[in-house]
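Just so we're aligned, residue 32 is where the sequence shown starts under our numbering, counting upward by one.
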Amino acid sequence: MLMKIRPLFFLAFFSMVFHAATAQVLTSSNLPLVVINTHGVEILDDPKIEADMGIVYNGEGVRNNITDPFNHYNGKIGIELRGQSSQMFPMKPYGFELRDNAGNSQNKSLFGFPSESDWILYAPYNDKTLMHNFLAYTMSREMGRYASRCRYVELVLNGEYRGIYILMEKIKRNSGRVNITKLNPADISGDAVTGGYIFSIDKEADGWFSEYFPDRSSMGQRIRYSYVVPKITAVVPEQIEYIRTYTDSFERALFNEGFQHKSKGWRRYADESSFIDYFLVNEISHNVDGYRLSAYFSKDRYSKGGKINAGPVWDYDLGFRNANYCRGADTIGWAWQFNETCPQDYWQVPFWWDRFDKDTAFMAHLRCRWKQLRAGSLSDNRLNTLIDSIANLTAEARQRHFQKWPVLGTYVWPNVDPIPATYADEITVLKEWLGKRLTWIGNNIPNRGACYDFPPGIKETVLITVAPNPVYDLFTIDVKSKQDQDLLLSVYDAGGRQVWAKQFSLQEGNIQVPVSSAVWQRGVYFLSYRSTGGTVGSRRILKL
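Here it is, written out as structure tokens:
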């Protein structure tokens with residue numbers, strides 16, 4: 032009987048201590064309440080210490096009182112500090128693992144998220160909007176990509192109110208998170224060794240270096256890859272060799288002259304669409320750490336696709352105008368060109384993005400994706416509505432949060448001047464900055480490919496240019512179509528003899544037509560074109 036009542040006695044005692052210590056600050060909230068007790072033991076960076084955690088969550092739209100029982104979770108956890116630069120702030124970020132009474136990790140669902148043992152309590156200390164990570168992850172999920180699910184909570188640690196935190200999923204291999212095949216130590220050959228992996232570009236020194244130096248770096252910097260799944264303590268030599276060799280092959284294909292080839296170039300090793308979506312989240316946020324730190328990638332088995340996928344996106348506290356160095360707060364310029372802006376920084380962006388910028392198909396597909404998303408999840412209205420909904424959700428708890436952490440209107444590294452004086456000003460500045468950023472991106476993604484925007488006010492239904500001209504052995508006819516139509520192209524020599532012809536069924540957009548002129552004699556030629564949309568014309572070509 033005594034063993035049965037001890038847990039109830041402890042919970043009652045713990046609850047009384049908690050209530051007494053926090054009653055002046057927190058009595059109830061519209062946000063879930065997370066209560067952690069380490070029993071006087073300091074939380075370390077590593078290893079995790081054992082603690083008790085309770086969560087009060089009475090459901091959507093129902094208030095959560097500090098006198099309510101721990102009805103959402105009530106049990107053991109292992110907890111540690113996490114993050115890098117964020118650990119210097121007084122508001123600390125934490126990682127925690129759900130455990131049973133014997134101290135073993137256990138999977139449980141929190142707030143309806145897929146069941147897992149590992150979770151994060153993110154501390155938005157220097158992000159005074161409290162929403163940079165939430166925005167980036169929501170953008171990615173609404174693109175159809177996995178990104179950490181998040182829940183705003185209020186935290187009480189050892190009887191002390193600690194403010195608004197964001198409880199979020201840690202990046203892990205799981206059917207509900209990064210959904211790739213589990214790789215076991217015995218998977219060392221054949222299809223089994225080809226996946227699934229998660230690796231990153233980050234500061235951890237437990238992986239391997241790229242064969243290629245980053246573009247325009249000035250101090251011999253290297254790109255370093257780190258093992259995430261399997262961990263360095265679990266990955267076996269055959270798996271180490273496989274993922275390193277595969278990544279090397281991807282980089283060689285991307286670096287070499289034929290990198291744009293559909294089947295033999297870099298697309299043989301990596302999923303283009305995932306890199307496009309990853310690019311957009313980093314660029315919209317103008318994340319100063321984007322591409323070079325906390326950059327995650329996954330790879331499943333060959334039998335399940337087997338290519339490198341960019342993401343999940345991670346760590347955007349310094350995005351959205353929150354970095355006063357390396358032009359991190361600018362609304363103009365590409366974040367992937369960080370190496371030009373800050374070549375002295377040790378942590379550089381890999382050469383990949385410079386090559387993607389030179390890949391005409393990649394940029395054409397990027398434009399189409401951009402136009403698609405801007406009409407939906409990345410529209411001004413959707414993003415402003417999302418920002419307002421977060422601000423409304425945290426309105427009550429923010430009063431307590433900024434009383435605990437009085438940072439509004441003051442500088443916290445690396446905030447950008449001018450520093451907004453109030454939370455309302457923070458939101459106004461965020462919206463204005465984001466609007467300008469979206470406009471700049473839309474104006475600077477090359478206008479080419481199937482989603483080409485035809486210039487307004489032009490009567491012709493097709494625009495034709497030739498480059499280079501004069502020509503040698505090969506030239507390209509650039510075709511911009513205002514509408515769906517048929518097009519006949521013909522090339523004649525000076526004597527009126529046809530030397531080349533081709534007919535197309537065009538869609539609205541832009542295509543390039545390569546033409547070999549190696550066997551043509553030197554002299555003047557004429558490109559004639561006629562479209563069913565009513566455009567007729569010609570271009571003079573000089574063959575050298």
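All residues carry an ideal CB built from backbone N, CA and C; glycine is no exception. Keep in mind the model is a prediction, meaning the values are calculated, not measured.
- Contact between V312 and L186 does not hold, since their C-beta atoms are separated by about 27 angstroms, which reaches or exceeds 8 angstroms.
- The criterion of a C-beta distance shorter than 7 angstroms is not satisfied by G109 and E91.
- Restricting attention to alpha helix (DSSP H) runs no shorter than 4 residues, the region 150-228 encloses them at 163-173, ordered along the chain.
- For I495, the number of other beta carbons within 10 angstroms of its own is at least 16, and it is reported as buried.
- Remark: C-beta atoms of E147 and N205 approach each other more closely than 7 angstroms.
- In this structure L397 is buried. Its beta-carbon is surrounded by 16 or more other beta-carbon atoms within 10 angstroms.
- For R130, the closest alpha carbon among the candidates P124, F387, N138 is that of N138.
- Residue pairing by DSSP puts L573 in a beta bridge opposite V555.
- By the criterion of a C-beta distance shorter than 8 angstroms, S248 is surrounded in its chain by N370, P374, Q379, once the five residues flanking it on both sides are discounted.
- About 19 angstroms separates the CB atoms of S59 and N105; that is not less than 8 angstroms, and the two are not in contact.
- DSSP, read as helix, strand or coil, puts L417 in helix.
- As computed with DSSP, E128 is found in a beta bridge with G109, D149.
- Per DSSP, reduced to three states, the secondary structure at K139 is strand.
- Closest by C-alpha distance to V567, out of V87, V530, D517, Y556, is D517.
- Nearest C-alpha to A549 among M170, D504, I197: D504.
- In this structure N475 is not in contact with D484, their Cβ atoms being roughly 13 angstroms apart against a cut-off of 8 angstroms.
- Residue burial is scored here from C-beta neighbours: I363 has fewer than 16 other C-beta atoms within 10 angstroms and is therefore classed as exposed.
- With fewer than three CB-CB distances shorter than 8 angstroms, the region 155-174 does not count as touching the region 323-339.
- Taking 8 angstroms as the upper bound for CB-CB distance, T225 and Y273 are in contact here, some 7 angstroms apart.
- Ranked by how close their Cα comes to the Cα of R208, the residues G289, R180, N318 have R180 in first place.
- DSSP, read as helix, strand or coil, puts F485 in coil.
- Residue burial annotation: E282 is buried, with at least 16 other C-beta atoms found within 10 angstroms of its C-beta.
- Restricting attention to Y192, E491, F433, P343, the CA atom closest to the CA of F230 is found in P343.
- DSSP places G473 in the helix class (H, G or I) of the three-state scheme.
- For M394, the enclosing alpha helix (DSSP H) starts and ends at 391-405.
- Rounded to whole angstroms, the separation of the alpha carbons of G466 and L152 is 30 angstroms.
- Contact check for Y196 against A223 fails: the beta carbons are separated by 7 angstroms or more.
- When DSSP states are grouped into helix, strand and coil, Q118 belongs to the helix group.
- In its chain, beyond the 5 residues on either side, K159, T160, P451 have a beta carbon closer than 7 angstroms to the beta carbon of E457.
- As the crow flies, the alpha-carbon of L575 is around 37 angstroms from that of R299.
- In the three-state DSSP reduction, L439 falls in the coil class, being neither helix nor strand.
- For E81, the closest of H70, T563, N89, Y88 by C-alpha to C-alpha distance is H70.
- With distances taken between CA atoms, N68 lies nearest to Y192 out of Y192, W383, D149, G238.
- When DSSP reads this structure, I232 sits in a beta bridge with Y256, A326.
- Runs of beta strand (DSSP E) with 3 or more residues, each lying fully within the region 516-563, are found at 516-524, 529-537, 540-547, 554-562, listed in chain order.
- When DSSP states are grouped into helix, strand and coil, I450 belongs to the coil group.
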